[in-house]
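Read top to bottom, the protein sequences are chains A and B. Quick note on numbering: the UniProt record's numbering labels position 201 of the first sequence as 201, and the sequence is numbered without any gaps. Quick note on numbering: the UniProt record's numbering labels position 164 of the second sequence as 164, and the sequence is numbered without any gaps.
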Amino acid sequence: MPDDQRKSLLRITSIETLYFDRIYALHGLSLEVKEREIFAVLGPNGAGKTTLLKTIAGLLKDQPKKGAIEFGGKKIQRLAPERVASLGIVYVPEDRGLFRELTVAENLELGCWGRRDKEVNSDMEEVLGLFPILKGRSKQQAETLSGGEQQMLAIARALLRRPKLLMVDEPSLGLAPLMARTVYDALLKISKAGTTILLVEQNARLALSIAHYGYIMESGRIVLEGTAKELSENEDVQELYLGLGGETAASPKGWRLYKKRRRW
Amino acid sequence: MDNFLQYLVSGLSIGSLYSLVAIGLVVIYRSNRILNFAHGDVTTAGTFFAFFMLSSNFSFAVSAVAALVFGALIAMAFYFCILVPAQRRDATQLGQIILTVGLGLILQGAVQYFGGTEPQSFPFPLSEYIVYKIGVVSLSQLSLGTLAASLLSCFLFYLLVQKTRLGLAMRATSENLPAAQTLGIPTRRILAISWGLAAGLGVVAGLFLAPALLLDPFFMLEPFLKGFAAAILGGLNSLPGAIVGGLILGVAEALTGGFVSIAFKNSLAFIVIILVLLVRPEGLLGEEFKERV
Ligand SMILES: Nc1ncnc2c1ncn2[C@@H]1O[C@H](COP(=O)(O)OP(=O)(O)OP(=O)(O)O)[C@@H](O)[C@H]1O
Ligand SMILES: [Mg+2]
Chain A
1 MPDDQRKSLL RITSIETLYF DRIYALHGLS LEVKEREIFA VLGPNGAGKT
51 TLLKTIAGLL KDQPKKGAIE FGGKKIQRLA PERVASLGIV YVPEDRGLFR
101 ELTVAENLEL GCWGRRDKEV NSDMEEVLGL FPILKGRSKQ QAETLSGGEQ
151 QMLAIARALL RRPKLLMVDE PSLGLAPLMA RTVYDALLKI SKAGTTILLV
201 EQNARLALSI AHYGYIMESG RIVLEGTAKE LSENEDVQEL YLGLGGETAA
251 SPKGWRLYKK RRRW
Chain B
1 MDNFLQYLVS GLSIGSLYSL VAIGLVVIYR SNRILNFAHG DVTTAGTFFA
51 FFMLSSNFSF AVSAVAALVF GALIAMAFYF CILVPAQRRD ATQLGQIILT
101 VGLGLILQGA VQYFGGTEPQ SFPFPLSEYI VYKIGVVSLS QLSLGTLAAS
151 LLSCFLFYLL VQKTRLGLAM RATSENLPAA QTLGIPTRRI LAISWGLAAG
201 LGVVAGLFLA PALLLDPFFM LEPFLKGFAA AILGGLNSLP GAIVGGLILG
251 VAEALTGGFV SIAFKNSLAF IVIILVLLVR PEGLLGEEFK ERV
């Protein structure tokens with residue numbers, strides 16, 4: 001359950017993001033992420049989940065066009081990605097964002113870029129303890145890792161930056177269920193150790209199994225929000241996203257829930 | 001056989017200069033995905049700067065270092081003041097390449113204005129006329145110095161790229177820019193340094209070419225095109241490829257000039273470009289950049 005005492009870390013108010021100045025990808029979207037919890041954003045293909053994370057990370061030039069993004073009380077919309085990163089927001093993209101031609105060790109070293117504190121070594125050990133598979137692969141090029149190992153490397157590298165907010169885009173994408181579970185268990189451990197996580201996922205069941213709070217996003221808007229428990233018990237969510245009830249798959253077009261709610 | 005060895009060695013010496021030019025082009029292609037058509041002119045400007053310093057009675061070492069810095073500053077200023085604003089306005093790849101052509105023309109004009117168009121001999125501490133005999137091969141002091149200086153530059157650059165943190169950041173930035181940005185790596189600064197280093201390597205080549213050719217505003221045109229051919233031969237995105245490409249081109253040129261006809265010496269570079277693009281577009285050591293989603 002989200003605890004109202006907890007401080008808000010990230011607050012997004014009615015942002016609008018456009019591609020090519022005319023295609024709306026985010027339509028006045030608002031959401032809030034509180035410290036030390038896992039927040040999940042769920043939604044079908046093309047809902048704008050990746051766009052949301054990229055907008056926060058500053059990777060879309062001059063976006064959001066409208067609205068505000070506050071991080072720890074400071075306005076960060078339209079900052080350069082390097083600046084956003086230096087504030088403690090680390091983004092693990094859908095394609096994992098690894099340096100594929102560099103080795104595992106080099107990728108990890110780049111995660112420590114700009115850190116001068118003494119804890120770098122102990123952090124490195126901690127991270128390798130979390131993902132022991134990476135230990136034996138340090139001299140291997142990142143592109144030769146399996147999909148799951150690449151995801152672990154991407155998360156490990158992100159952790160070395162000591163993020164205040166870790167944003168992960170579809171960590172389960174392309175992974176076998178067992179591997180996806182391993183990655184999710186690691187995310188849960190990371191959260192327990194005090195890192196706030198903003199998670200984007202199509203696999204609602206997996207995401208809701210670790211998240212405290214969830215947002216359901218369709219066509220660039222938040223159409224439903226609630227605690228993980230509330231969402232799991234919601235009939236529409238069960239039908240459209242968890243594959244219970246009458247229909248099996250999530251709506252391909254992504255407007256089902258939205259339409260349905262409008263009818264009420 | 002003796003002739004063959006002689007051509008081989010002189011080919012390696014001149015080829016090593018093509019390698020230096022090619023590395024500069026490849027560094028910029030890898031990190032910015034554009035061809036730098038101003039490379040030769042930046043080099044010319046740097047070499048002319050050394051010439052002025054020498055004329056004002058500075059020592060050769062001081063003049064050479066100043067020329068490297070001068071060339072590097074021009075390239076970095078171009079990156080920061082022209083290329084970055086253009087990229088911010090979503091300039092296409094082609095648009096950016098045309099900007100480098102523009103820079104080249106501006107520099108050409110400036111060099112003509114300040115340096116004059118008359119060919120001048122470039123005072124150099126190594127002589128073309130002192131010749132050492134090593135076995136059956138004779139090598140001028142200048143060729144020997146050229147070979148040593150360019151191989152040393154290549155080696156130092158290799159160490160920088162492969163073994164230092166700066167080099168690691170350069171490799172990361174050229175491979176995956178957004179990832180480097182989200183890790184907080186100062187990518188602008190890293191790219192500016194790449195521009196500076198590329199220009200510096202070019203000026204090294206210019207300094208060694210000037211005494212062999214004569215110094216005029218267009219003396220780098222041919223070496224630039226040969227360096228370009230060498231880069232393409234090596235695959236355009238591979239540093240070892242650039243080095244090997246330059247050496248092969250130099251040797252092939254010397255052999256053609258020696259055994260076939262001196263008339264073909266210059267056409268060879270273009271025959272190489274055409275053949276590579278037709279037969280093996282990814283070059284000898286190149287690997288197509290994998291398209292990333
Ligand atoms: N670079 C782009 N240029 C133009 N339109 C884009 C671009 N990237 C995304 N879009 C559009 O923006 C909308 C949202 O895309 P986005 O990638 O954010 O969806 P998503 O929720 O992450 O989907 P998925 O689950 O498939 O990853 C889509 O309609 C998409 O076509
Ligand atoms: Mg996505």
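Where is the CB? At the ideal position from N, CA and C, for every residue including glycine. Small disclaimer: the values here were computed from a predicted structure and weren't measured.
Is there at least one Cβ from chain B nearer than 9 Å to residue i's Cβ?
i                      : result
residue 138 of chain A : no
residue 24 of chain A  : no
residue 114 of chain A : yes
residue 100 of chain A : yes
residue 6 of chain A   : no
residue 177 of chain A : no
residue 106 of chain A : yes
residue 171 of chain A : no
residue 119 of chain A : no
residue 149 of chain A : no
residue 86 of chain A  : yes
residue 132 of chain A : no
residue 157 of chain A : yes
For the beta strand (DSSP E) that residue i lies in, which residues bound it at each end?
i                      : result
residue 33 of chain A  : 23–34
residue 221 of chain A : 221–227
residue 214 of chain A : 213–218
residue 43 of chain B  : First-last for residue 43 of chain B: 39–55, but that is the alpha helix (DSSP H), not the beta strand (DSSP E).
Does residue i have its Cβ less than 9 Å from a Cβ in chain A?
i                      : result
residue 235 of chain B : no
residue 227 of chain B : no
residue 33 of chain B  : no
residue 90 of chain B  : yes
residue 222 of chain B : no
residue 186 of chain B : yes
residue 175 of chain B : yes
residue 83 of chain B  : no
residue 281 of chain B : no
residue 169 of chain B : yes
residue 181 of chain B : yes
residue 240 of chain B : no
residue 172 of chain B : yes
residue 123 of chain B : no
Helix, strand or coil for residue i per DSSP?
i                      : result
residue 67 of chain A  : strand
residue 118 of chain A : coil
residue 169 of chain A : strand
residue 260 of chain B : helix
residue 141 of chain B : helix
residue 162 of chain B : helix
residue 16 of chain A  : strand
residue 131 of chain B : strand
residue 253 of chain A : Low local confidence applies: a pLDDT of 44 at residue 253 of chain A is under 50, so the model's placement there is unreliable, with the coordinate-based value given in what follows. Looking at residue 253 of chain A - three-state DSSP - the assignment turns out to be coil, as it is neither helix nor strand.
residue 248 of chain A : Note that residue 248 of chain A has pLDDT 42, beneath the 50 cutoff, so the model's placement of it is unreliable and no number is given.
residue 37 of chain A  : coil
residue 9 of chain A   : strand
residue 241 of chain A : coil
Considering just the uninterrupted stretch of the alpha helix (DSSP H) at residue i, what are its terminal residues?
i                      : result
residue 54 of chain A  : 49–57
residue 136 of chain B : Neither: residue 136 of chain B is in no alpha helix (DSSP H) and is coded neither H nor E.
residue 187 of chain A : 177–192
Between residue i and residue j, which are expected to be in contact by the criterion C-beta below 8 Å, what is the C-beta distance as a whole number of angstroms?
i                      : j                      : result
residue 200 of chain B : residue 39 of chain B  : At roughly 12 Å, the Cβ-Cβ gap does not stay under 8 Å, so residue 200 of chain B and residue 39 of chain B are not in contact.
residue 59 of chain A  : residue 111 of chain A : With a Cβ gap of about 18 Å, residue 59 of chain A and residue 111 of chain A do not count as contacting.
residue 36 of chain B  : residue 23 of chain B  : Not quite, the Cβ-Cβ distance comes to about 12 Å (not below 8 Å), so this is no contact.
residue 186 of chain A : residue 108 of chain A : With 8 Å as the limit, residue 186 of chain A and residue 108 of chain A do not qualify as a contact, their Cβ atoms being about 15 Å apart.
residue 199 of chain A : residue 228 of chain A : Not quite, the Cβ-Cβ distance comes to about 11 Å (not below 8 Å), so this is no contact.
residue 82 of chain B  : residue 42 of chain B  : About 13 Å separates the two Cβ atoms, so there is no contact after all.
(request) Quick one: which unbroken alpha helix (DSSP H) runs of 4-plus residues sit fully inside the region 76–107 of chain B? Chain order, please. (result) Correct list: 84–88.
(message) As an exercise, report each continuous alpha helix (DSSP H) stretch of at least 4 residues that is fully enclosed by the region 208–274 of chain B, in chain order.
(response) Look at the region 208–274 of chain B and you find these whole runs of alpha helix (DSSP H), each 4 residues long or longer: 221–234 and 239–255.
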